[in-house]
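Asks: Here it is, the structure, as structure tokens.
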Amino acid sequence: MNEQNRVYVFDTTLRDGEQVPGCQLTTPEKIEIAKELEALGVDVIEAGFPISSPGDFQSVVEISKVVREPVICALTRANTKDIDAAAEALRFAKRARIHTGIGASDIHIRYKFNSTREEILQRAVDAVKYARRFVDDVEFYAEDAGRADVEYLARMIEAVIAAGATVVNIPDTNGYCLPEQYAAKIRYLKEHVPNIDRAIISVHCHDDLGLATANSIAGLQAGARQVECTINGVGERAGNTSMEEVVMILKTHQQTLGLYTQIQTKKFYNISNMVSRMMRMPVQPNKAIVGRNAFAHSSGIHQDGVLKHRENYEIINPEDVGIPSNAIILTARSGRHALKHRLERLGYQIDKLNLDEVYQRFLELADRKKEVDDQDLQWLMGHHVDEHFQ
Ligand code: KIV
Ligand code: ZN
13 MNEQNRVYVF DTTLRDGEQV PGCQLTTPEK IEIAKELEAL GVDVIEAGFP
63 ISSPGDFQSV VEISKVVREP VICALTRANT KDIDAAAEAL RFAKRARIHT
113 GIGASDIHIR YKFNSTREEI LQRAVDAVKY ARRFVDDVEF YAEDAGRADV
163 EYLARMIEAV IAAGATVVNI PDTNGYCLPE QYAAKIRYLK EHVPNIDRAI
213 ISVHCHDDLG LATANSIAGL QAGARQVECT INGVGERAGN TSMEEVVMIL
263 KTHQQTLGLY TQIQTKKFYN ISNMVSRMMR MPVQPNKAIV GRNAFAHSSG
313 IHQDGVLKHR ENYEIINPED VGIPSNAIIL TARSGRHALK HRLERLGYQI
363 DKLNLDEVYQ RFLELADRKK EVDDQDLQWL MGHHVDEHFQ
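Structure below.
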């Protein structure tokens, strides 16, 4: 596969993801997740924001010691104290990256920094130059780039690349953009920043309007080659881009998009459960890819279709994301085909006449119970056998 079409996966579950109220992780939990992320095949793990607390600092140190394959990244603001802390926390990393940056939108420049465009540009350049004293790999984030003036953003990106940034992150911090607007921003940078080919463009989207995944894909189509994301889409407010969604979109539409990652997708379900359990944050049942209902079929028409051929109602093989099989949920909307199939799995061979009768009983039960499980079916069949064969 062409290296130019490779999308680098930057996981920020342990940094942006962990900012969710009530979801804080201990250092041992972070290490366990980081090891799973390594096995999953992510390219970069953002392990924390070292200046923010001694615990976060220590997590970056410990992860750097035990996770050797992916790049280990630490976040900073654009100041020397933050960068010193990040460099110190990353001292054991085999491959270290400092992720520094500053607000790029006029709203941030005015109301967050009470500053001017020129001053902020200088701080951005100084931060990158300072970070380069410690590591060769420096990523720069232009916070709130989604709402920033694109000409100013282009000047900022050109200046930080000249200062030594190897990756330039264009965050839609507030989940504001439409996919086409976000893609246009990335295209503009590709076309107007003369030194852009010296850096990788990264997309970092938030889900405030439910567009994080769509925006990330649009940004990749426009030329970005790194995607920042979290497991289960955990993150501030409505969350970050969900890794499993982006990766499975790239895989499902590989012919059209021509992009690929090195993620071992069969590990998704396992790590999704792990993150959900450790963060005490349940995954919504209808969550794409890893939700409980993502491969569950409950209407009679769909059950019949999927039993005839899986691809009638499934665009992804559940095994590809680590789910052993799809699920046929027996409810009052189920048809005879689904009932017969489940009874056969339980060891009952049943002819048409008997099936009609059992099906009527099944519907009565399903109306009362909502979902009929294997135990209910055993009970139903027990009754049927008693009545007819004893
Ligand atoms: O959303 C954002 O802008 C961020 C940056 C700190 C990278 O998380
Ligand atoms: Zn973010």
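The sequence shown begins at 13 in the working numbering and counts up one residue at a time. Think of the CB as a built atom: it goes at the ideal place given N, C-alpha and C, for glycine as much as any other residue.
Exposed or buried, which one is S65 when buried takes at least 16 other CB atoms within 10 Å?
Replies: exposed
Asks: Which of the three DSSP states, helix, strand or coil, is assigned to P66?
Replies: Residue state for P66 is assigned as helix, using DSSP reduced to three classes.
Asks: Residues around ligand 1, please: the ones whose beta-carbon is closer than 5 Å to some heavy atom of it, in chain order.
Replies: D28, Y153, E155, P183 and T185
Asks: Would you grab the beta carbon distance between L165 and A116 for me? Rounded to a whole angstrom, and I think it's under 8 Å.
Replies: 5 Å
Asks: Starting from S284, trace the alpha helix (DSSP H) in both directions and tell me its first and last residue.
Replies: F280 to M291
Asks: From which residue to which residue does the alpha helix (DSSP H) around F401 run?
Replies: D386 to F401
Asks: State yes or no: is the C-beta of E248 nearer than 7 Å to some heavy atom of ligand 2?
Replies: yes
Asks: Compare the Cα-Cα distances from R289 to each of N244, G235 and E256 and report the closest residue.
Replies: It is N244 whose Cα lies nearest to the Cα of R289.
Asks: Straight-line CA distance for D368 to G187?
Replies: 53 Å
Asks: Alpha helix (DSSP H) containing Y200: first to last residue?
Replies: P191 to H204
Asks: State the CB to CB distance for the pair V54 and D23, rounded to an integer number of angstroms; the pair is presumed to be in contact (CB under 8 Å).
Replies: Yes, they are in contact, since the Cβ atoms of V54 and D23 sit about 5 Å apart, within 8 Å.
Asks: Is R107 closer than 8 Å to I121 when the C-beta atoms are compared?
Replies: no
Asks: I want to check one thing, is the minimum distance from the CB of H265 to the heavy atoms of ligand 2 below 7 Å?
Replies: no
Asks: Sort out for me which residues DSSP pairs F22 with in a bridge.
Replies: V56 and E240
Asks: Tell me which residues share the same chain as R354 and place their Cβ nearer than 8 Å to its Cβ, disregarding the 5 neighbours each side in the sequence.
Replies: I340, L342, D386 and L389
Asks: If distances are taken between C-alpha atoms only, which option among L375, V384 and I283 comes closest to G334?
Replies: I283
Asks: How big is the Cα-Cα spacing for F401 and C241?
Replies: 59 Å
Asks: Whose C-beta lies closer than 7 Å to the C-beta of R304 among residues of the same chain, with five residues either side of it excluded?
Replies: So the qualifying residues of the chain are P297.
Asks: Closest to P336 by CA distance: which of A344, A308 and K141 is it?
Replies: A308
Asks: Could you give the distance in angstroms between the alpha-carbon of M13 and the alpha-carbon of E100?
Replies: 37 Å
Asks: Within 10 angstroms of its Cβ, does N329 collect 16 or more other Cβ (buried), or is it exposed?
Replies: exposed
Asks: Less than 8 Å between the C-beta atoms of R144 and V137, yes or no?
Replies: no
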